[in-house]
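Just so it is clear: in the sequence shown, position 105 is 104 by numbering that gives the first Met the number 0, and no numbers are missing. Below is one structure; the comments refer to it alone.
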Amino acid sequence: MRSPFVAGNWKMNTTATEAEKLVLEMLDKLDRIKGAEKVLCPPFVSLVAINMMLQGSSIKLGAQNMYFETEGAYTGEISPVMLSELCEFVILGHSERRWYFGETDEIVNKKVKAALANRLQPILCVGERLAEKEAGKTEDVINRQVTADFKGIEPVSNLVIAYEPVWAIGTGKAASGEQAAATIQFIRDALAKLWNKSIAQDLRILYGGSVTSANIAEFIAHPEIDGALVGGASLKSEDFVSIVEQTAEIKGRVK
Ligand code: 13P
């Protein structure tokens, strides 16, 4: 049985002071929610402080990116070894990294390998751009990303995948529950071919892209969708708590 999973990707938002305030606003309420795994992914500069704030709670910590080398002369980069002292998760292959920072599938593949080698669970993001969707290429793009990003990696169950259609990110134009569920099923089938059926059945696959407390139920009601990777709405404590509460509640019923 796959346990429901909700992660908040704060992206490049919150100063260290604002981040601590946001955690304080949500900590007790999130901590009390059973039935969903809860992960916060603040900016790097807040990881140490938030790691301390989350000690003894049921909330886990993730980073938003990392470099694939473990140490050395790579000015400005953060290594998996550094993160593994602080976090359990790391978001990799986010479309903003792919498109604004030129991350290729080859780079993402190296990062996934490095994360796994250092006991970090990747939250690997895949998804098509608007032009690719309109050209009917969604499945091709996803197949290419999954195959290339996991190239040379033995089947593993300690990772999470997020289907994030680029056209739905930060636009307020979320995919429909049906669209997301169908593409997520396609991803699961691709993983079954690449690895095996049993791993594909066990891996959690999330939806991300304009998820809010008002539309989360539409996604979570689909058995194919195991949770959400939330951007903008994860910066508002009430919304994020509500998204996690609804996820736990609805998944608890559909089981
Ligand atoms: P929004 O929820 O702001 O659309 O962002 C989604 C996302 O990119 C999460 O990683």
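Virtual Cβ for every residue (Gly too), placed ideally from N, Cα, C.
query	result
Which two residues bound the contiguous alpha helix (DSSP H) that contains Lys192?	176-193
Going by DSSP, what residue range makes up the beta strand (DSSP E) through Leu23?	Segment 15-31 is the alpha helix (DSSP H) holding Leu23; no beta strand (DSSP E) there.
So, Val210 versus Lys37, is the Cβ gap smaller than 8 Å?	no
Would you mind working out which of Gln200, Lys196, Leu85, Val155 sits nearest Met51, comparing C-alpha positions?	Leu85
Under 7 Å Cβ to Cβ from Glu217, same chain only, skipping five residues before and after it: list those, please.	Gly176
Once you ignore the five residues that flank Ala114 on each side, which residues in its own chain have a CB closer than 6 Å to its CB?	Pro79, Val89, Pro121
According to DSSP, is Phe88 part of a helix, a strand, or is it coil?	strand
Does DSSP classify Pro79 as helix, strand or coil?	helix
Just to confirm, are Ile183 and Pro154 a CB contact at a threshold of 8 Å?	no
Cβ of Val229 versus every heavy atom of ligand 2: is any distance shorter than 7 Å?	As presented, the structure is devoid of ligand 2, carrying ligand 1 as its sole ligands.
Determine whether the beta carbon atoms of Leu29 and Val240 lie at a separation below 8 Å.	yes
If you measure from the CB of Ser209, is any heavy atom of ligand 1 nearer than 7 Å?	yes
Report whether the distance from the Cβ of Asn12 to the nearest heavy atom of ligand 1 is below 7 Å.	no
Per DSSP, what kind of secondary structure is Lys112 in: helix, strand or coil?	helix
Just to check, is the beta-carbon of Ile168 closer than 7 Å to a non-hydrogen atom of ligand 1?	yes
Hey, is the stretch 157-170 in contact with the stretch 16-29, meaning 3+ C-beta pairs nearer than 8 Å?	no
Is Glu19 near ligand 1, judged by its Cβ being under 7 Å from some heavy atom?	no
Quick check: what's the CA-CA separation for Ser236 versus Gln178?	28 Å
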